[in-house]
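Quick note: my numbering has the sequence shown finishing at residue 944, numbered continuously throughout. Positions of the beta carbon are idealized from the N, C-alpha and C atoms, including for glycine. Note that the structure is a prediction, hence the values are computed from the model and not measured. Written out below as structure tokens is the structure these notes cover.
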Amino acid sequence: MLKKGSKLYSILTGTCPRCHEESMYIDKNPFHLGNIYKMHEKCSHCGQLYKIEPSFFYGAMYVSYALGVAVSIAAFIIAFVFFDASLKTSFFVIIGTLIVLMPVTMRISRNIWINFFINYNKDWEKSKKA
Ligand SMILES: [Zn+2]
């Protein structure tokens, strides 16, 4: 399922949405918080610009909101239903999960966002800008 050419691959690995050849991020580990937003300007393989326009990644905030809601619901169900936690405990589990996963959520939001606009192109070498 997770192979080059699928959007999921680019979203989960943070690779260039056009050629899937390299990571968009300078530091691949999102838990190195100081580097969380440090991205390459463009892909060194296909030349795709990552910041398509100024403040392009502001839109990723909407995605991150939706993702946060999804994570919260998942955390709640796991704590409340599977671990039989009280409502109060479940609430803290949600907050804790959101905080711990935040670096990952932020990155995945950006990856999803850029994948809305740029599609994988298996012929990227041919269409490479000189
Ligand atoms: Zn590329």
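According to the neighbour-count rule (16 or more other Cβ atoms, all chains shown, within 10 Å of its Cβ), is residue i buried or exposed?
| i | result |
| --- | --- |
| ALA888 | exposed |
| VAL877 | buried |
| THR829 | buried |
| ALA944 | Low confidence applies to ALA944: its pLDDT is 49, below 50, so where it sits in the model is not reliable, and the reading given next is rough at best. Exposed. |
| ASN933 | exposed |
Measure how close the beta-carbons of residue i and residue j come, nearest whole angstrom, since I'm counting them as under 8 Å.
| i | j | result |
| --- | --- | --- |
| THR919 | LEU881 | 5 Å |
| GLY873 | TRP927 | 5 Å |
| ARG924 | PHE871 | 6 Å |
Out of the options, which has the shortest C-alpha to C-alpha gap to residue i?
| i | options | result |
| --- | --- | --- |
| ASN849 | LYS856, GLU855, ASP841 | ASP841 |
| THR911 | MET853, ARG924, PHE897, VAL885 | VAL885 |
| LYS940 | SER824, GLY861, TYR879 | GLY861 |
| HIS859 | MET838, LEU847, SER904, LEU822 | MET838 |
| HIS846 | SER869, LYS936, ASN929, ARG921 | ARG921 |
Using a Cβ cut-off of 8 Å (strictly closer), state whether residue i contacts chain E.
| i | result |
| --- | --- |
| LEU826 | Given the protein chain composition of this structure (a single chain), no chain E is represented. |
Does the region 897–912 come close enough to the region 831–847 to have 3 or more Cβ pairs within less than 8 Å?
Fewer than three pairs of CB atoms, one per stretch, sit closer than 8 Å, so the region 897–912 makes no contact with the region 831–847.
Uninterrupted alpha helix (DSSP H) stretches inside the region 855–884 (no shorter than 4 residues)
Counting only runs of 4 or more, we get nothing.
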